[in-house]
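Chains as they are written, first to last, in full-length UniProt numbering: chain A, 1 to 324; chain B, 1 to 131.
Some notes on the structure that comes next.
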């Protein structure tokens, strides 16, 4: 999510408009306060406080939020504004969530039989923050929890919606070359079949108009300069420079291992091609960097032209980071 | 009950069972609290304890010490280092303020990677003090 500061400001301003809007309206606890849920809670926490058992039992006060949880079902009480806010964050890449703060005040004890209702408001949305987990936004809500209509407690809750900073580690079962984890196949048709045939011979073929001799890439049926449909090919020398590049962080498509650099490479012949830049850490790719063509095999049927950083003074191979 | 009093530490082994049992007892079905594969996909090395369980453990720590007559008034916590399976959470507390029969206790819960939780608990202990 590295972008221009003004883009973040505009996005933040949009997020700010959700402050003060409802997060949940007239929520109803799925179950009234009850002994079984209290007992399950105490078992999990290892809490043997006698105040939570017997005829005069109260619920552990720290269960306050548990009575408002939707469980595996939907959240009919959740207000449109809150859903919208979370969706905005999801769609902008901040799909992971972690709770960071919980502040509860207990005004009266909850007892078995108490019917729970609650309302919640979006108190604040932070500016963009970078944490160890990743970069994202803190969203704070405040909930009033009522028992039999009477205010029993308040609950302020803060979550971080973030784009994970660390690359997801592949699970042990995942192996390269497994179905569904392979790179997308190239779309080969009559207009570009010659190019892919060249790739199988480890040649990067550039089209050349036989009428005006203009080189073109990617492959097209006709010449953009003179309109001629007559052409032949020349094999690229393999020398080039990085004309421009982007670093792909998100989303992590299957078979791709972000972050990685995608370069627009200007070949020595003058045409440009989009491909991966390898042999250099993704954050060290620079415009003007000399690169040299190589052909890399990705699986038993896919070979692609990629560009490796090339430096004549470099004697040792450049450390390439994570092995594939 | 005096300012500066230190509560004896409470060690809680952070088992996979505790994390999952706490999540389910608090009706929290977020996958990161029970599904290691999903947790990894979201950048975490394993599942981790949910905030409701931490909140419950902090409440337990205070009432374990001050006894069944103690009444929790306020619990405010902030999470830091996550509680992953195999770790140990050590809760410690210091009385920060006393006002009549009500105390404010500063609580810190440390695990193997740092401070899992920091916070304050306000608790009223009717005359007689800890049982």
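Quick reminder that beta carbons are idealized off the backbone N, C-alpha and C, glycines included.
{"query": "Cβ of residue 56 of chain B within 8 Å of Cβ of residue 81 of chain B?", "result": "no"}
{"query": "Rounded to whole angstroms, what's the CA-CA distance from residue 44 of chain B to residue 236 of chain A? Just pull it up for me.", "result": "45 Å"}
{"query": "Can you find a C-beta in chain A that's less than 8 Å from the C-beta of residue 15 of chain B?", "result": "no"}
{"query": "If you draw a straight line from the alpha carbon of residue 238 of chain A to that of residue 295 of chain A, how long is it in whole angstroms?", "result": "10 Å"}
{"query": "Hey, which unbroken runs of the beta strand (DSSP E) at 3 residues or more fall wholly within the region 100-171 of chain A?", "result": "116-125, 134-147 and 150-164"}
{"query": "Step through the CB atoms of chain B and report whether any lies within less than 8 Å of the CB of residue 71 of chain A.", "result": "yes"}
{"query": "Closer than 9 Å, Cβ to Cβ, to anything on chain A: give me those residues from the region 41-53 of chain B, in chain order.", "result": "41, 42, 43, 44, 45, 48, 50, 51, 52 and 53"}
{"query": "If you drop the 5 nearest sequence neighbours on each side, which residues of the same chain put their C-beta closer than 7 Å to that of residue 71 of chain A?", "result": "30"}
{"query": "Using a cut-off of 7 Å between C-beta atoms, extract the partners of residue 133 of chain A located in chain B.", "result": "43"}
{"query": "With residue 76 of chain B and residue 120 of chain B assumed to form a contact (beta carbons below 8 Å), what rounded beta-carbon distance in angstroms separates them?", "result": "5 Å"}
{"query": "Does residue 111 of chain B come out as helix, strand or coil in the three-state DSSP assignment?", "result": "strand"}
{"query": "With a threshold of 8 Å between beta carbons, is residue 29 of chain A in contact with chain B?", "result": "no"}
{"query": "Give the residues from the region 85-115 of chain A that approach chain B closer than 7 Å (Cβ to any Cβ), ordered along the chain.", "result": "96, 99, 100, 101, 102, 103, 104, 105 and 106"}
{"query": "Name the chain B residues whose beta carbon is nearer than 8 Å to that of residue 41 of chain A?", "result": "25, 26 and 56"}
{"query": "Quick one, which of A/259, A/211, A/157 and A/132 has its alpha-carbon nearest residue 282 of chain A's?", "result": "A/259"}
{"query": "In three-state terms, what does DSSP make of residue 209 of chain A?", "result": "strand"}
{"query": "Kindly give me the distance between the Cβ atoms of residue 24 of chain A and residue 78 of chain A, rounded to whole angstroms, as I take these residues to be in contact under 8 Å.", "result": "5 Å"}
{"query": "Apart from the five residues just before and just after residue 222 of chain A, which ones in its own chain have a Cβ nearer than 8 Å to its Cβ?", "result": "228 and 229"}
{"query": "Check whether the Cβ atoms of residue 245 of chain A and residue 93 of chain A lie closer than 8 Å to each other.", "result": "no"}
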